[in-house]
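One structure is given here, and the rest of the page talks about it.
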Amino acid sequence: MDRFLIRGGRALSGDVKVSGAKNAALPILAAALMVPGKVRFENLPHLNDVTTMLQLLGRMGVEVLLDDTGSVELDASTLNSVIAPYDLVRTMRASIVVLGPLLARAHQAEVSLPGGCAIGTRPVNLHVKALERLGVEFEVTDGYIKGRAPVGLVGGKVLFEKITVTGTENVLMAAVLAKGESIIENAAREPEVANLADCLVALGAKIDGIGTDTLRIEGVNALHSGRHRIIPDRIEAGTFLVAAAATTGSCTLIEVEPKHMDATLLKLEEAGARIERSGTTVSLDMRGNRAKAVDITTVEYPGFATDMQAQFVALNSVAEGSGRVTETIFENRMMHIPEMQRMGAEIDLYGSTASTVGVNQLKGAPVMSTDLRASASLILAGLVAKGETIVDRIYHIDRGYERIEEKLSNLGAEIIRLPN
Ligand code: EPU
């Protein structure tokens, strides 16, 4: 397994071009299953999760043509399987987003249950309940969730008892090809959900209320060919800003959508960073200024994202004063804390709240990645630590950050990939 060797202590500075958003790309790629023709998606990030999704679509008979400009052309007119097998689903839980599109297009789907996950149990009961409202019948056999809509999908009213991002995406995609009108209430408002909805509209869907918690969908008979651009990755972008802030450096993000990053930018300002937003760039300046610790509670968008939580714990661990970070979305998303403690961070973990007292200096140590965002936070800790840090199991980071070591090196970080 590859590892990163990081020699910390350098203030980062420079520009970073932000990649397309992983969590928008995955459901958008799955949406290609719904179209009996060619679709083209631009700004696709080069990530292992994207490769897994393309493999999954390939297994279902979808033709995939990648080009070197970061675009992909998909043609699902040759769809010949409705099965998402265990060997791929177990490596990427987000494979569940093929469920809605397959039901919409073929009125049947068999998706392996993903099993547990490092950050929590992550059940799919809400996906199932919502799709049942559109006429799908489910059974679980042989570790697979099997759905069938014997008379096709019919529009219905769905009220999510809890906000779910991929749950909203699945039922939205199913509703697009259902007969009649559907209403989704308490829908997730994440920009990635809105980007998927915009994509579906570009392919012929009729959706009102995009970006709000109530989506109204008028079912259409079929989607058609078209093209769509994936939004910039607000989590990758935020991770680089925190890296610059923690190392008392500066950084300009290129090709971002600043309004998607409000919660992160506000917390960075509270930590003492000077932030400038202009068009599709965001600049952060923390030079000569130690960060002040901040209090954070993760919530659904537009609140503070769970996917930025671990990075801010890393920032707090070297900031001035004490801070409290509370995770409310996932039950087990604090696995980075014991690793940071090994680097000298003073953190008390009580339930899902991490209380930090910032130290002047972390010390490099060998540490272990447990999930994608935890890995990112350990890299940040390594960048501010004195001496050498080895981050093991970085396959987690390759799932969701494109060429992170190259982008960080361009900012002046000393980080090297050590192949196994
Ligand atoms: N939940 C249920 N039942 C369900 C679905 C969700 O109880 O049927 C619970 C989950 O266990 C969790 C909460 O509801 O406690 C919210 O989960 P959600 O369904 O919103 O998460 P997700 O759709 O599985 C997406 C992102 C995650 C991100 C979360 C929250 C994708 C592919 N993944 O997951 O991204 O953390 O929303 O914003 O969009 C990451 O990129 O590192 C990542 C984990």
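Each residue of the sequence shown is one higher than the one before, counting from 1 in this note's numbering. From the three backbone atoms N, C-alpha and C, an ideal C-beta is built for every residue, glycine too.
Query                                                                                                               : Result
Exposure label - His46; buried when at least 16 CB within 10 Å                                                      : exposed
Which listed residue (Leu380, Ile254, Ala385, Val50) has its alpha carbon closest to that of Ala429                 : Residue coverage of the chain in this structure runs from 1 to 420, which leaves residue 429 outside it and unanswerable.
Closer than 6 Å: Pro123 CB and nearest the ligand EPU heavy atom                                                    : yes
Check: Asp307 C-beta below 6 Å from any heavy atom of the ligand EPU                                                : yes
Which listed residue (Ala130, Asn170, Asp15, Ala374) has its alpha carbon closest to that of Asn410                 : Asp15
Endpoints, the alpha helix (DSSP H) within which Phe41 is located                                                   : No alpha helix (DSSP H) contains Phe41, which is instead part of the beta strand (DSSP E) from 38-42.
Cβ neighbours of Arg393 in the same chain (closer than 8 Å, five flanking residues each side left out)              : Met1, Arg3, Met368, Ser369, Thr370, Ser375
Among Thr389, Glu331, Ala314, nearest to Glu346 - alpha-carbon criterion                                            : Ala314
Glu161 versus Thr297 - alpha carbon distance                                                                        : 20 Å
Beta bridge counterpart(s) of Gly20 as assigned by DSSP                                                             : Pro232
His396 beta carbon near the ligand EPU (any heavy atom closer than 6 Å)                                             : no
Distance cut-off 6 Å: His336 Cβ against heavy atoms of the ligand EPU                                               : no
Unbroken alpha helix (DSSP H) run spanning Asp262, endpoints                                                        : 262-270
As assigned by DSSP and simplified to three states, the class of Met308                                             : helix
Asn332 versus Ala118 - alpha carbon distance                                                                        : 7 Å
Nonlocal neighbours in the same chain, by C-beta distance under 6 Å from Thr168, ignoring five residues either side : Ala187, Ala188, Val193
Validate contact between the stretch 210-221 and the stretch 236-244 using beta carbons, cut 8 Å, 3 pairs           : no
His66 versus Ile416 - alpha carbon distance                                                                         : Correcting the residue type first, residue 66 is Leu in the shown sequence and not His. Cα to Cα, Leu66 sits roughly 28 Å from Ile416.
The stretch 305-319 in contact with the stretch 380-388 per 3-pair CB rule at 8 Å                                   : yes
Cβ distance (whole Å) where Met60 is taken to contact Ser81 below 8 Å                                               : 5 Å
With 16 other Cβ atoms within 10 Å as the buried cut-off, status of Ala222                                          : exposed
Enclosing alpha helix (DSSP H) for Ile397 [first to last residue]                                                   : 395-400
Which listed residue (Leu196, Leu153, Ile145, Thr166) has its alpha carbon closest to that of Ala175                : Leu153
Residues sharing a beta bridge with Leu134, DSSP                                                                    : Note: Leu134 sits in no beta bridge, so no partner.
Asp75 - partner residues in DSSP beta bridges                                                                       : Lys38, Glu63
Of the listed residues Pro123, Val140, Val384, nearest to Ala109 (C-alpha basis)                                    : Val140
Range of the contiguous beta strand (DSSP E) that encloses Asp392                                                   : 388-392
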